[in-house]
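Here's the structure, in structure tokens; my notes come after.
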Amino acid sequence: MAETDRASQVAAGMSTAAAIAAALAWLSSRKAEAAPPGEITIPPELMKLLVAIAQSTDRIDEDILKILNAIATFVGNTFSRQLPRIKAIAGQHDGLSHFMCPNIEFEADIYAVNDRQLKQTACLCPTPPGAGETSGLVDEQPSLSKSCLERRRRFAILREALRSE
Amino acid sequence: MGDERPGVRITKPRVSITAAATATLVHQVTSGRTAILKKLMWYNGQSADVILEIGTYDGASFTRQLPRIRAITRQHDGLSELECPEFEFESDIYAQASAAAAAPNDVEVIAVVTEIG
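Residue numbers (my numbering), protein chains in the order written: chain A, 1 to 165; chain B, 1001 to 1117.
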């Protein structure tokens, strides 16, 4: 009986690992922007991950709550661009005058992002620069935006939490 | 969209044009009112200049209301409230670009309008 339980746990663990891998692959490939209100859908990769985790735990409520908290934190760090992109020319100043600037009413804090590593065209979804980060550049992985790295970091934490269960 | 407060300047959500010559809704005029375009800002994510048009669309044909706008490749620009022709739209406001693709190669537009009536 114990061997059967162990086998089922291993199978569930493998399923979880595969689901995490699929979810991470989806995250790293996604050009994330916040979905417009009312248009959110749960991608199958994440749903499989949730199901796999639920199958591999004896404390479904607690673990799912952890995941929901992680997702809430993740969503809170998603950058949603409100204005069209702005090309900032090297060595020059510029600005949007009172007459030009769209009068957007922000319902949340306002952030600006410099995503030079992705060239001026691809302001995908960076998070606000953290403490000590002045440029917002990502030296380690220039092809990734900061938020992609942040997302990977959060899921790595989630993965470690699951491993320690 | 729609049902805006009359006489109050409204900034519409940013619109992404992702296909060439495809009318994309910028502002839905509330029934019984008209809308005056006050400001316009855009960004061309294409690797070449594109022609951006602002006008109306009846479901089949696009009617340009402003002169054509040349949006320079990978640059933002706009019509300030001092420059923007205050055209009074009697139907929904659309934008279309001569070339566009999925982000980041899309053409982005944001408009400020005032509805009257």
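Idealized CB from N, CA, C, for every residue including glycine.
Since the structure is predicted, the reported quantities are computational estimates derived from the model, not experimental observations.
Report the partner residues of residue i according to the DSSP bridge assignment.
i          : result
Gln1096(B) : Glu1053(B)
Ala111(A)  : Reading off the sequence, residue 111(A) comes out as Tyr, not Ala. Paired residue(s): none; Tyr111(A) is not in a bridge.
Asn1044(B) : Val1107(B)
Val93(A)   : The sequence shown places His at residue 93(A), not Val. The partner list for His93(A) (beta bridge, DSSP) is empty, contrary to what the question assumes.
Ser1080(B) : Bridge partners of Ser1080(B): none, in fact.
Thr1024(B) : Ala1095(B)
Arg1009(B) : Thr1114(B)
Val1015(B) : Val1109(B)
Glu1086(B) : The partner list for Glu1086(B) (beta bridge, DSSP) is empty, contrary to what the question assumes.
Phe1062(B) : Tyr1057(B)
Closest to residue i by C-alpha separation, out of the options, would be which residue?
i          : options                                        : result
Leu96(A)   : Val1113(B), Ser1080(B), Leu1037(B)             : Ser1080(B)
Arg81(A)   : Glu1108(B), Ala1097(B), Val1050(B)             : Glu1108(B)
Ser1031(B) : Ala1101(B), Gln1075(B), Pro1006(B), Phe1087(B) : Pro1006(B)
Ala1111(B) : Ile1093(B), Ala1020(B), Asp1058(B), Ala1021(B) : Ile1093(B)
Gln1046(B) : His1027(B), His1076(B), Thr1024(B), Gly1059(B) : His1076(B)
Phe1087(B) : Arg1014(B), Gly1059(B), Thr1114(B)             : Thr1114(B)
Going along the chain, which residues of its own chain have a beta-carbon closer than 7 Å to the beta-carbon of residue i, five neighbours each way excluded?
i          : result
Ser1091(B) : Val1029, Thr1056
Asp1049(B) : Arg1070, Ala1071, Ile1072, Thr1073
Pro1085(B) : Leu1066
Ile1116(B) : Pro1006, Gly1007, Arg1033, Thr1034, Ile1036
Count the other CB atoms within 10 Å of the CB of residue i; is the residue buried (16 or more) or exposed (fewer)?
i          : result
Ser1061(B) : exposed
Ser1106(B) : Ser is not the amino acid found at residue 1106(B); the sequence shown has Asp there. Buried.
Glu62(A)   : exposed
Thr1063(B) : exposed
So, for residue i: in the same chain, excluding its five sequence neighbours on each side, which residues have a beta-carbon less than 6 Å away from its beta-carbon?
i          : result
Ala1097(B) : Ile1017, Val1050, Leu1052, Val1107
Whose C-beta lies closer than 8 Å to the C-beta of residue i among residues of the same chain, with five residues either side of it excluded?
i          : result
Leu83(A)   : Pro102, Ile104
Arg1014(B) : Glu1108, Val1109, Ile1110
**Study point:** Given 8 Å, three or more beta-carbon pairs between the segment 1001-1015 of chain B and the segment 1059-1073 of chain B
**Key:** When C-beta atoms of the segment 1001-1015 of chain B are compared with those of the segment 1059-1073 of chain B, fewer than three pairs fall below 8 Å, so the two segments do not count as touching.
Practice item. Kindly confirm or deny that the segment 94-113 of chain A and the segment 1033-1044 of chain B touch, where touching means at least three C-beta pairs closer than 8 Å. Key: Yes: at least three Cβ pairs fall under 8 Å.
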